[in-house]
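Read through the structure below, which is laid out as C-alpha cells, and then see the notes.
In C-alpha cells, the structure reads:
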C-alpha cells in the first residue's frame, strides 16, 4: 500500500468520476489534435492545389532597361544590354539551402522567328517541368519531342496551322505535333518546342532567356528563396510573383489562426471540465481526506494522491484523445475536404504533443483541487459528516 | 496531560465555550471513558487530544511533547506515530479492501509492501477478521466494519487509541465484542480514550471523565458504572 495504490484503486473502483474527467479531457485534447491534423492535412492539400497555379519565382537576365510593356501591349524593342543567362549557371540553384522546396524549375529560350511570312515568338521549354509549371495546359495531338512544334491556340489560328503540318523555321522543316488549347495567357500566342531545338533554331546554344520556378510554400519563405537564388546567380534578376506568394501565405495564415483560436478555446473548456469535476470530487471525498489527515497523512501526501489520479487520467486521455482525433480527422476530411485522397499520416510528434498537452491541462487544472484537499482541516472534514 | 484547556468558537458576544479550563492527566496504559450529554464538549476534547483541533488556551502534553507547539505537518507526523483513531461511523474508504484500509496508516511509511501486508493481516486477525481482507467495506457487517476500523487504528501499534462512540452504530452483542477488543488493547499496554454515551461501555474503562457544559465533573471511575472488566 502506497499513495499511488490509493490513487489507482480510487480510479479503478470509482470509474464514474474518472470516466467523466477522461471524457472531458479527451474531448478537449481530441478536438485540438483534430483541428491541428485537419488543418495540416487541408494545408497540405491547399499547398498541393496552389502548386497547380504554376511558377511563383521568375529568373531573368539582369538588365538596366525599364520594361516598356503594359497589359500585353509592347511599347518598345528588345533590350540589348542584357547579361547572359546560361543553362549551366542554373546548376548553382541546386545548392541553395531551400532547394528541397523547389517543385519545378523550367528554363525557357525565347526568340522571334518568321513562320508563313509572319513574325512569331518561339519558346523552348522543358516539357517535363512544364507539367508542374503549367498544369493547365491541355494538348490536342501530342507533346512535341525534339524538332517538333506545339502551337499556342492563337498562334495556330493566325498562322492557320494544324497538327501534322510542317513549318519552315530558320530554314528548317519542323512538324507540328500538337496544338495547345486556349489558356487565356500569353502562351496562346507562342510556338513551343524543346529547349534544345529552340536554342538551335534561335542561334543561342546553352543560353536561356528566363527561368520559371515553382516553390512549395509550406515552411519556405519565398523572399528568402529569392535571396538565396540571387546569391548564386549574380547575373540574373530573381523576382517573386508576389500575388501568388502572398495569396498562398495568407491562406495558410488564416488556417493557422483559426486552428490556434479554436485550440485555445477548447483547451480552456477542457481545463474547466477537469477543474470543476476534480473540485467536485474533492468535496465529495471530504470524509476520506479527513481520515487521511487524521491518520497522519501530510498535506503533500494528499496532494500527491489527487495529482497522481489526474496524471493517470491525463495519460489515458492523451492516448485516447490522439486515437480519437485521427478517426475524427479522417471523418472530417471525408465530409469537408474537396479532395478525397487527402491522407492523415500517424504523427509521432503530434501523438507526443497530445500526451504532453493532456498532462499539462489535466495536472494544471487539478492543482487547485489538490491544494484544496491538502489544506482541508481534518477536524472540519470529519465533523462535517 | 491537559492543562487549563479551553476551546471557544465564534467571537465577541457570539462566543460559545465548548471546553472551559479543563485539567486532566491520563496515565499511560489507562482505559478512560469520556461521558456526558450531547454538547457537553466530549468530541471537542477528543479532537483536541487527537492533535486535530487547537485549543483556544491551555496545553496538551503527550509523552513530554507539547502537541500544539508543533506545526501542522509535524502534528500529522505526531498523529501517525502516537495515535490510532476509531471513528463512530467507521470511515472505512469505500474503494479499498479491508486489508488496504487497514494498511492506510502505513501508506506514507517506507517499508516493504510484503511487510505492510503482513502487518495488516496480523491486525485483521487480532480483531477476528482473518480471511476477510479482500472484501470491500460494503460487503461486511457493521460489527466487522468497526473491527476493521480498530485494526486500522492499531496496525502501526500506536501507544494511544482514541475512539469516538465506537459502539454507537452497533447492536449490544457486537458492542460487547468491540469493547472487549479495546480492553484487550489496554491490557497489552495501549492507552485507550473513548467517548461514549453508553454506561455499559463505560463500564469497561478504568475510569470515567464525566463532562457537562465543557467542564470536567468527575474524574474517578463513577460509582454508578458497573465494572465490565473481564
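Residue numbers (the working numbering), protein chains in the order written: chain A, 1 to 385; chain B, 1001 to 1230. The beta-carbon is built from N, C-alpha and C at its ideal position, and this holds for glycine as well. Nothing here was measured: the structure is a model prediction, and the numbers come from that model.
If the criterion is Cβ atoms closer than 9 Å, does the pair residue 1091 of chain B and residue 1149 of chain B meet it? Yes, these two residues count as a Cβ contact at 9 Å.
By DSSP, does residue 1009 of chain B sit in helix, in strand, or in coil? strand
Alpha carbon to alpha carbon, how far is residue 1084 of chain B from residue 1060 of chain B? In a straight line, the C-alpha of residue 1084 of chain B is about 17 Å away from that of residue 1060 of chain B.
Taking buried to mean at least 16 other C-beta atoms within 10 Å of its own C-beta, is residue 1214 of chain B buried or exposed? With 16 or more Cβ atoms within 10 Å of its Cβ, residue 1214 of chain B is classed as buried.
What residues in its chain sit with their C-beta under 6 Å from that of residue 1007 of chain B, if we drop five residues either side in the sequence? 1018, 1019, 1044, 1055, 1056
Can you tell me whether residue 325 of chain A is helix, strand or coil according to DSSP? helix
How long is the line joining the alpha carbons of residue 1131 of chain B and residue 18 of chain A, rounded to whole angstroms? 30 Å
What's the C-alpha gap between residue 45 of chain A and residue 342 of chain A? 7 Å
Got a sec: which bits of the segment 1129-1140 of chain B sit with their beta carbon under 7 Å from any beta carbon on chain A, in order along the chain? Here the close residues number zero.
Using a 10 Å radius around the Cβ and a threshold of 16 neighbouring Cβ atoms, would you call residue 173 of chain A buried or exposed? exposed
Checking contacts by CB at 9 Å: is residue 293 of chain A closer than that to chain B? Using a Cβ-Cβ cut-off of 9 Å, residue 293 of chain A counts as an interface residue toward chain B, since at least one Cβ of chain B sits closer than that to its own.
Using a Cβ-Cβ distance under 9 Å, would residue 297 of chain A count as near chain B? yes
Does any residue of chain A bring its CB to less than 9 Å from the CB of residue 1077 of chain B? yes
Compare the C-alpha of residue 1163 of chain B against each of B:1173, B:1152, B:1098 and name the closest. Out of B:1173, B:1152, B:1098, B:1152 has the C-alpha closest to the C-alpha of residue 1163 of chain B.
Please confirm whether residue 378 of chain A has its beta-carbon closer than 9 Å to some beta-carbon of chain B. Proximity of residue 378 of chain A to chain B, defined by a Cβ-Cβ separation below 9 Å, is satisfied.
Kindly indicate which three-state DSSP category residue 1135 of chain B falls into: helix, strand or coil? Coil at residue 1135 of chain B, not helix or strand.
Any C-beta of chain A sitting closer than 9 Å to the C-beta of residue 1096 of chain B? yes
For residue 24 of chain A, I'd like the list of residues in its chain whose CB is within less than 7 Å of its CB, leaving aside the five on either flank, ordered along the chain. 270, 273, 274, 277
Against chain A: residues of the segment 1152-1176 of chain B by CB proximity under 7 Å: none
Inter-residue Cα distance where the pair is residue 1015 of chain B and residue 1021 of chain B: 15 Å
Tell me residue 1085 of chain B's beta-bridge partners as DSSP assigns them. Answer is B:1162.
CB contact flag (residue 1062 of chain B, residue 1192 of chain B, <9 Å): no
Per DSSP, residue 237 of chain A is paired with what? Beta-bridge pairing links residue 237 of chain A to A:60.
Going by other Cβ atoms of all chains shown within 10 Å of its Cβ, with 16 needed for buried, is residue 1025 of chain B buried or exposed? Residue 1025 of chain B is exposed by the Cβ-count criterion.
Neighbouring residues, chain A, relative to residue 1119 of chain B (Cβ below 9 Å): What residue 1119 of chain B touches in chain A: nothing, since even the nearest Cβ is about 10 Å away.
Of all Cβ atoms in chain A, is any one closer than 9 Å to the Cβ of residue 1230 of chain B? Low confidence applies to residue 1230 of chain B: its pLDDT is 40, below 50, so where it sits in the model is not reliable, and the reading given next is rough at best. With 9 Å as the cut-off, residue 1230 of chain B does not count as an interface residue toward chain A.
Return the chain-ordered list of same chain residues with a C-beta closer than 6 Å to the C-beta of residue 1066 of chain B, the five sequence neighbours on each side being excluded. 1059
Could you pull the DSSP bridge partners for residue 212 of chain A from this structure? DSSP lists A:58, A:106 as partners of residue 212 of chain A.
What do you reckon, are the CB atoms on residue 60 of chain A and residue 262 of chain A nearer than 9 Å? The answer is no: Cβ separation not under 9 Å.
According to DSSP, is residue 122 of chain A part of a helix, a strand, or is it coil? strand
Considering only residues of the same chain and omitting the five flanking positions on each side of residue 125 of chain A, which have a CB-CB separation below 7 Å? 106, 108, 192, 195
Please report the residue range of the beta strand (DSSP E) in which residue 1036 of chain B lies. Start and end: 1031-1036.
Contact between the segment 353-366 of chain A and the segment 308-316 of chain A: three or more CB pairs below 8 Å? yes
Residue ranges of each alpha helix (DSSP H) run of no fewer than 4 residues wholly in the segment 179-206 of chain A, ordered along the chain? 195-202
Taking Cβ positions, are residue 96 of chain A and residue 282 of chain A nearer each other than 9 Å? Not a contact, by the Cβ cut-off of 9 Å.
Could you tell me whether the Cβ atoms of residue 120 of chain A and residue 180 of chain A are closer together than 9 Å? no
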